[in-house]
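Single-structure report; data block below.
Residue numbers (full-length UniProt numbering), protein chains in the order written: chain A, 1 to 246; chain B, 1 to 293; chain C, 1 to 244.
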């Protein structure tokens, strides 16, 4: 994973060829923040930390901030703006053009029986198509299994805004070890009952029967994000918030 | 230009439900302001004010002009509020939105019409020369409650401001540059502050101070009370929305008075700190200008 | 004027914009915000590339033709740096709010009609670049910019980052910007000058914008802008990735 000395790059920097991973079989994969200028130059386009994964033969620039730019397979929380004949028009981030969500892209939806969602409703969805020349397209059902797999309309609860970096860390398979974010687990361990859905577009939905719990989780997320808390500080924060609640 | 999107149904319902259970999203009390920050610029008349994530910069400036023909003994005083896309991409340059118009009207009523600044003292030569004082309000970040923040910034900037010293001898007006004579403060009569209540519920029974942008988008009515620390009310405006009971409004006003007192104390303290800090700088600056000559 | 010789900057200072920065140098303080890519209005929509919208707002007074002129200069320079082809039909909106300009203690300025000018361009450009980096808008490269005045006499004929009093005496004022690949990005001049003078100005500006950091400063012309940009960003990135 990350080398001992983090390497920070700025747009237009030249990357030392020794840092570019080589692999016999796999093709080199470039992640966010890098672009390939034929024939062989790889140039960063954002300011961040250059990370290379030699096992997967991939490299990318790690950074936090900016606006969410849709990419295929990202999980996002969108808000329904309006509905057309076969589509819902969804908003992922303020002031961007709408994404489309076909009305049949829900589990078990048919022409006659499909979910009726009002304008303003929140939906947890996956990005299927993201292309610079087209509006992004979303789905709430896995096209391979036909199951929802947790996607679909979010009822009740509250959506909180977090930074893109925190959303990414929360979505990591091992968010505790790699992302160093444990606050949700900590609050759960303290006996709070709530459920969450994390969108890569910087939104976290929290659902619970108790309004108090939702507010507490929201505050915990915001303070972790704004205060850039590490795991120990998150533990303290969880304890403090639980105490305040009682 | 893209329009501001409304909060989702979930957010609307939840914020209301929480308020009914006496909770706010950020854990504040209903009558509690977000942390107030005030910093003065290096130059006179620059105030940077933040209530939580709402941030406003006000800058006062002065210029000698000709007074209006119908008011030969008064100076000119104007507050310019232009919301730039920096606050939100929904604001467009040269196309005032409703928010902007209401904000400038309220500031006008609160600061200008209430006679906070003695405009007669701005007169230099009757009918010929007077000072024109202008305050530019720049909204840097918009997270609700622009009115209270802007009003505080304008008052702070004007009280911090110093205009060039002048003298009139034999009908000849001399305006001294800062190098020649220390600039002088404005003739300030009282400091009005705006306190804005947001109302929720079917009958507006829930009243909340210093609403954030999300809270502001959901409120059913709002009421801005402008008053100074002596309890003199400059104006009350409640522009439409759900009717609110008179008794509740009275209570709002008395809480507003305690807030105005708090603001007044805070501003006085900050101004005193700044003067202290400047005194050292002023002395140093004087030494340097001596050397220059 | 107590103008700081070393520039100062802070990134992501505005919580609600996609990216923002403040930058203070040579008496100028500028706050910049970047939002984008966002939906462009029908008028600004371009089928193949993003529209870069630059708005310059004076600290006091209303903007006029001078601000529109500065906006057009910045717009064309920044469009070269931003990878506009990545976001067709979108808008990248940059708002630059001037907060402070150097004061001339010896003259009473007229403020109601703001009069911005070339010397503010480096501060505006630098702020815009910092804010764009903070907003993680994909860019081809970064740039650095400076202003050089040619004065009639004195020890140094070329003055970098001149103060208002020098500007009054100057024959000509030049703004130059160089990309991080040492290429000339922007050159605007005002006043009378000869080709030879311009060549000297070019060399001096290139020295400032592209020179690597050297420790012994025999003839210190100005701050190392490129190094400054890098250290500022490194600090920000390290802070953002504290969990790494």
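Don't be surprised by glycine CBs; every beta carbon is placed ideally from N, CA and C.
Query                                                                                                                                                                                                                  : Result
Could you tell me the distance, in whole angstroms, from the CA atom of residue 232/C to the CA atom of residue 242/C?                                                                                                 : 16 Å
Does residue 209/C come out as helix, strand or coil in the three-state DSSP assignment?                                                                                                                               : helix
Can you pull out the residues from the region 50-68 of chain A whose beta carbon lies closer than 7 Å to at least one beta carbon of chain C?                                                                          : 62, 63, 64, 65, 66 and 67
Which partner residues does residue 123/B have in the DSSP bridge list?                                                                                                                                                : 130/B
Would you mind telling me which residues of chain B sit closer than 8 Å to residue 17/C, beta carbon to beta carbon, in chain order?                                                                                   : 86 and 141
By alpha-carbon positions, which one of 75/A, 116/A and 54/A ends up nearest to residue 139/A?                                                                                                                         : 75/A
Take residue 93/C and list the residues in its own chain whose beta-carbon comes closer than 6 Å to its own, dropping the five residues that flank it on each side.                                                    : 35, 36 and 53
For the putative contact between residue 132/A and residue 178/C, defined by C-beta atoms under 8 Å, what is the C-beta separation to the nearest angstrom?                                                            : About 30 Å; that fails the 8 Å criterion.
If we cut at 9 Å on Cβ distances, does residue 137/A have a partner in chain B?                                                                                                                                        : no
Are the beta-carbon atoms belonging to residue 144/B and residue 42/B less than 9 Å from one another?                                                                                                                  : no
Could you please tell me which residues of the region 136-170 of chain A, in chain order, have their CB closer than 9 Å to any CB of chain B?                                                                          : 154, 155, 156, 157, 158, 159 and 160
Between the region 130-153 of chain C and chain A, which residues of the former have CB atoms less than 8 Å from a CB of the latter, in chain order?                                                                   : 133, 134, 135, 136, 137, 138, 139, 140, 141 and 142
What is the DSSP secondary structure of residue 48/C, counted as helix, strand or coil?                                                                                                                                : coil
At the level of alpha carbons, what is the spacing between residue 122/B and residue 166/B?                                                                                                                            : 11 Å
Where residue 83/C and residue 19/B are concerned, what is the direct C-alpha to C-alpha distance, given to the nearest angstrom?                                                                                      : 46 Å
Going by the beta-carbon positions, is the gap between residue 198/B and residue 134/B smaller than 9 Å?                                                                                                               : no
Tell me which residues share the same chain as residue 31/B and place their Cβ nearer than 7 Å to its Cβ, disregarding the 5 neighbours each side in the sequence.                                                     : 209 and 255
Helix, strand or coil: how does DSSP classify residue 290/B here?                                                                                                                                                      : Unreliable positioning characterises residue 290/B in this predicted model, as indicated by a pLDDT of 48, which lies under 50. A coordinate reading is not provided.
Please list the segments of the beta strand (DSSP E) lying wholly inside the UniProt domain "Exoribonuclease phosphorolytic" (191-257) of chain B, counting only runs of 3 or more residues, in order along the chain. : 193-200, 206-209, 221-227 and 233-237
Quick one: give me the first and last residue of the alpha helix (DSSP H) that residue 164/C is part of.                                                                                                               : 164-169
Using only CA atoms, which one of 207/A, 92/A, 11/A and 35/A lies nearest to residue 184/A?                                                                                                                            : 207/A
Just to confirm, are residue 234/B and residue 196/B a CB contact at a threshold of 9 Å?                                                                                                                               : no
Closest to residue 9/C by CA distance: which of 22/C, 184/C, 205/C and 234/C is it?                                                                                                                                    : 22/C
At the level of alpha carbons, what is the spacing between residue 212/B and residue 219/B?                                                                                                                            : 11 Å
So, are the CB atoms of residue 229/C and residue 130/C less than 9 Å apart?                                                                                                                                           : yes
Note down, in chain order, all residues in the region 102-128 of chain A with a beta-carbon under 9 Å from any beta-carbon belonging to chain B.                                                                       : 118, 119, 120, 121 and 122
By the criterion of Cβ-Cβ separation under 7 Å, what are the contact partners of residue 97/A in chain C?                                                                                                              : 39
Determine whether the Cβ of residue 242/A lies closer than 9 Å to any Cβ atom of chain B.                                                                                                                              : no
I'd like the list of long-range same chain contacts for residue 58/B, defined as Cβ closer than 6 Å, with 5 residues on each side in sequence excluded.                                                                : 47, 135, 137, 153, 154 and 157
So residue 10/B is in the alpha helix (DSSP H); what residue range does that whole segment cover?                                                                                                                      : 9-20
Please say whether residue 164/C and residue 147/C have beta carbons closer to each other than 9 Å?                                                                                                                    : no
Hey, residue 58/A and residue 29/A: beta-carbon distance below 9 Å or not?                                                                                                                                             : yes
Quick check: residue 248/A and residue 240/C, are their CB atoms within less than 9 Å of each other?                                                                                                                   : Nothing can be reported for residue 248/A: it is not among the residues displayed for chain A, which extend from 1 to 246.
Using the rule of at least 16 other Cβ atoms within 10 Å of the residue's Cβ for burial, across every protein chain shown, is residue 186/C buried or exposed?                                                         : buried
To the nearest angstrom, how far is it from the Cα of residue 118/A to the Cα of residue 211/C?                                                                                                                        : 59 Å
Hey, is residue 70/A's beta-carbon within less than 9 Å of any beta-carbon in chain B?                                                                                                                                 : no
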